[in-house]
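Numbering (this note's numbering), first residue to last: 55 to 983.
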């Protein structure tokens with residue numbers, strides 16, 4: 055394994071006193087009762103914090119440690135000012151990590167330090183333990199003393215002078231070692247990575263587990279895939295905690311022979327006088343006995359073959375740290391500590407330290423594409439920083455494969471990503487052909503999670519492995535053992551249920567498959583996808599299966615194959631995406647399918663018609679009604695021109711066009727077409743068939759939008775009863791009808807009954823579909839409005855606000871459902887909350903509707919009227935009247951003078967002119983389309 059450059063502990067000043075063996079960290083007496091100095095220190099200079107606090111306490115001061123790590127979202131000035139709350143003076147220990155590079159800018163620090171120093175004169179002081187070039191310009195105001203220029207005595211004098219204390223060093227020995235004094239024995243340790251970022255909690259966890267282990271069992275194995283940063287983590291641990299050890303010895307354990315030679319080389323460093331053939335045994339025995347040093351740290355780096363080096367593990371009072379990709383270390387009395395990829399905030403900070411020219415948003419997108427793998431982040435960001443290529447262009451380049459990725463190799467990560475993985479993959483191919491075959495199949499699927507049940511359906515040439523449960527499980531466990539994949543066990547822990555393959559590892563494996571062979575793998579995977587399709591996307595019980603299929607369709611080439619082979623899973627996954635609110639994912643697949651099938655199939659092919667229906671459903675769900683009409687109208691006209699009577703395809707196309715017209719606020723046209731579809735469905739399918747009941751439901755929607763609420767209520771009641779009898783009371787479409795029925799009851803003034811039904815309906819939605827399903831959100835929206843009508847205003851307001859936050863998170867601010875919820879939330883806020891907040895909400899909702907539907911749409915006009923009521927609630931009656939006078943004629947044009955929306959707007963205008971109480975006003979409510 056290639057190693058970073060070795061560290062010879064160069065920080066140690068020339069002429070420093072050699073250290074003698076020391077006991078374990080001494081226990082300090084209780085803190086003195088003198089003046090207080092809070093020592094604020096970052097994790098990368100923990101040893102400095104311990105040493106400084108000890109020195110100050112020896113001079114009679116109280117010196118509690120403060121671990122500096124404010125959240126990125128916290129204002130820097132507030133974080134610094136918060137240090138003053140504890141009383142006394144504050145000593146800032148400036149290290150490279152203290153300034154949170156990649157998170158905070160030098161300008162932020164300049165401003166914050168100047169502000170807190172001015173606001174709290176004399177309270178802040180500083181020392182520096184980093185290169186002066188790392189200090190922001192504003193640090194000069196605190197006059198930091200540079201503690202790294204000489205030995206311990208001089209550093210102590212500088213520290214005391216900076217605090218205005220007599221500069222005579224405290225007498226006595228013991229206490230934490232001066233951080234620049236090397237351990238008595240120090241060998242093979244990589245130099246410290248100046249760009250090491252994050253991992254503070256994991257490093258603290260490693261230290262805690264080693265310290266708390268019983269004698270002879272302090273062995274931790276850092277386990278993870280190649281490139282995840284195991285070596286860097288181990289090196290940072292060594293440097294961060296070096297003052298606690300008298301011996302630190304780093305062994306490259308890539309091969310057993312090399313590891314033995316390096317271990318034997320420790321003998322003379324320990325003062326052991328033995329022959330060359332006896333050195334290894336003497337070293338292990340000396341470490342076990344703790345002679346001449348009790349506090350030692352041994353690092354076995356790259357120990358991927360436990361059998362070759364396990365006999366080198368000494369027991370005793372010291373610690374052993376192992377880095378490996380092999381889970382088999384768990385059988386050698388070691389504690390396995392998985393090393394995950396970086397957290398996203400850490401990744402962003404890491405990238406920005408490596409490539410300062412990138413914005414936080416660019417760094418976030420790069421980190422997402424590389425799935426936060428440190429090796430790739432370092433080398434990719436390094437290349438980008440030296441080039442003028444944009445992140446967008448780089449990510450497009452990366453889509454071409456790992457061979458197209460541009461990277462630069464640095465001393466901190468001296469091996470390219472491809473080189474780090476190739477040797478392991480070659481070894482697996484040679485020694486474990488089953489595992490190699492399964493890995494290639496995974497690489498043909500999408501990156502991320504691969505269900506084992508899907509792999510087990512693959513047949514053809516792969517049946518001997520994938521069709522044999524035992525062989526498949528053994529292959530997966532071997533891949534997991536070497537950290538090629540992450541395995542998730544079944545609930546009972548008896549087998550692997552799914553595996554996760556990193557995006558870039560997948561690209562590397564996929565590109566290693568020769569092109570002719572790749573199609574063989576892809577064809578087998580497509581067959582498994584088709585076999586795994588339950589065939590019933592309308593059933594919630596099958597949605598988890600479709601969630602597992604959908605990501606793999608495009609990577610497996612489902613759209614490039616014969617549609618007869620793959621059309622069913624493609625269309626069913628599109629239906630699933632529509633029913634579950636995954637519009638963006640569904641639209642991406644629908645657009646790709648449309649482009650491909652247009653070349654392969656005639657316009658009137660059933661697959662093309664099914665795809666059109668799925669595509670427009672998804673477009674409509676995102677409010678793109680004009681685009682839907684542009685697709686649906688010509689399709690319906692072509693069908694009508696070629697057929698003498700309505701059939702299933704004509705009725706489906708007409709129903710889609712009616713929905714488009716409702717979205718475009720052409721309600722009378724939609725009503726006529728809805729009646730045509732219902733009449734045709736009754737004649738074609740019968741009165742109690744599911745498609746007829748869907749047409750009946752849609753007619754009620756059209757009636758409600760025209761203000762014919764009584765007719766809509768009766769029709770919804772009939773549909774609800776029939777769906778309950780045919781589909782069952784717990785079916786999603788039955789629950790949808792119940793929701794519509796409760797809405798109609800509320801709109802016709804039967805609030806108590808509506809509330810009773812809607813409370814039951816909301817619970818059923820939550821239980822069947824989950825809290826995040828769009829239909830569940832609609833049920834919760836109507837429940838809040840029912841509660842408001844029943845006089846539970848504050849409860850309704852709180853519920854609607856929480857619902858709005860959830861909808862924004864799930865669907866985005868511009869989604870039609872989110873806007874419907876936002877409209878209700880703004881009205882409830884106006885009535886029961888903060889009028890100024892309500893005004894801001896009303897303005898946002900109006901602008902969003904205007905951008906989505908245009909200025910003349912009744913939903914835009916109605917939102918403008920709601921904005922007027924919010925203005926009125928803040929006391930701006932003149933502005934409210936101006937807005938109402940603009941909205942009223944616009945609503946008359948949009949829906950006619952006799953529509954309930956127009957009548958309500960006219961009422962509000964008259965009431966505002968007469969300065970009537972606000973409770974008599976009637977706000978606009980957008981309805982489900």
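C-beta atoms are modelled at their ideal positions from N, C-alpha and C, and glycine is treated no differently.
Identity of the residue in 193, 153 and 311 nearest residue 1001 by Cα: Outside the shown range of the chain, which is 55 to 983, sits residue 1001, and nothing can be said about it.
Beta-carbon proximity check, residue 914 vs residue 907, cutoff 8 Å: yes
Cβ pair residue 894, residue 920 closer than 8 Å: no
Three-way DSSP call (helix, strand, coil) for residue 304 in this model: strand
Inter-residue spacing [alpha-carbon to alpha-carbon] between residue 872 and residue 145: 49 Å
Own chain partners of residue 776 with C-beta closer than 7 Å, once the 5 adjacent residues on each side are dropped: 742 and 747
Residue 963 in three-state terms, based on DSSP: helix
heavy atom of the ligand HEM below 7 Å from residue 205 C-beta: With respect to small molecules bound, the structure shown includes none, and the ligand HEM cannot be examined in it.
Rounded separation between residue 92 and residue 141 - CA only: 8 Å
Which of helix, strand or coil DSSP assigns to residue 657: coil
First and last residue of the uninterrupted beta strand (DSSP E) at residue 382: Under the DSSP assignment, residue 382 falls outside any beta strand (DSSP E); it carries neither an H nor an E label.
Rounded C-alpha distance that separates residue 727 from residue 712: So the two alpha carbons sit approximately 6 Å from each other.
As assigned by DSSP and simplified to three states, the class of residue 153: helix
Segments assigned beta strand (DSSP E), at least 3 residues, entirely inside the region 530 to 593: 540 to 543 and 550 to 555
Residue-chain proximity (residue 513, chain D), Cβ-Cβ < 8 Å: Given the protein chain composition of this structure (a single chain), no chain D is represented.
Exposure label - residue 1043; buried when at least 16 CB within 10 Å: There is simply no residue 1043 to check, as the chain begins at 55 and stops at 983 in what is shown.
Cutoff 7 Å; reference residue 88; Cβ partners in own chain excluding five residues on either side: 114, 115 and 116
Nearest neighbour of residue 511, chosen from 601, 495 and 545 [CA to CA]: 495
Buried or exposed (CB count within 10 angstroms, at least 16 for buried), residue 751: By the 10 Å Cβ count, residue 751 comes out buried.
Rounded separation between residue 317 and residue 434 - CA only: 35 Å
Nearest-angstrom Cβ-Cβ length linking residue 367 and residue 307, presumed shorter than 8 Å: Actually they do not touch by this definition, with Cβ atoms about 11 Å apart.
Residue 180, DSSP secondary structure in three states: strand
Per-residue DSSP class, three states only, for residue 1: Nothing can be reported for residue 1, as the shown portion of the chain is limited to 55 through 983.
Touching by the beta-carbon criterion (3+ pairs, under 8 Å), the region 931 to 947 and the region 693 to 706: no
Helix, strand or coil at residue 637 [DSSP, three-state]: If DSSP states are grouped into helix, strand and coil, residue 637 belongs with the helices.
Buried/exposed call for residue 16, threshold 16 Cβ in 10 Å: Residue 16 falls outside the range modelled here, since the chain spans only 55 to 983, and no answer is possible.
Extent of the continuous beta strand (DSSP E) to which residue 502 belongs: 502 to 505
Contact set for residue 151: own chain, Cβ-Cβ below 6 Å, skip 5 residues either direction: 96 and 98
Identified DSSP bridge partners for residue 355: 306
Beta-bridge pairing of residue 627 - partner residues as DSSP gives them: The partner list for residue 627 (beta bridge, DSSP) is empty, contrary to what the question assumes.
Pairwise C-alpha distance: residue 910 and residue 980: 14 Å
Residue range of the unbroken alpha helix (DSSP H) whose run includes residue 841: 828 to 843
Check whether residue 786 and residue 591 have beta carbons under 8 Å apart: no
Any beta strand (DSSP E) of 3 or more consecutive residues that is wholly inside the region 189 to 277: 239 to 241 and 273 to 277
Limits of the unbroken beta strand (DSSP E) element including residue 143: 143 to 148
Three or more C-beta pairs below 8 Å linking the region 249 to 267 and the region 392 to 411: Touching, yes.
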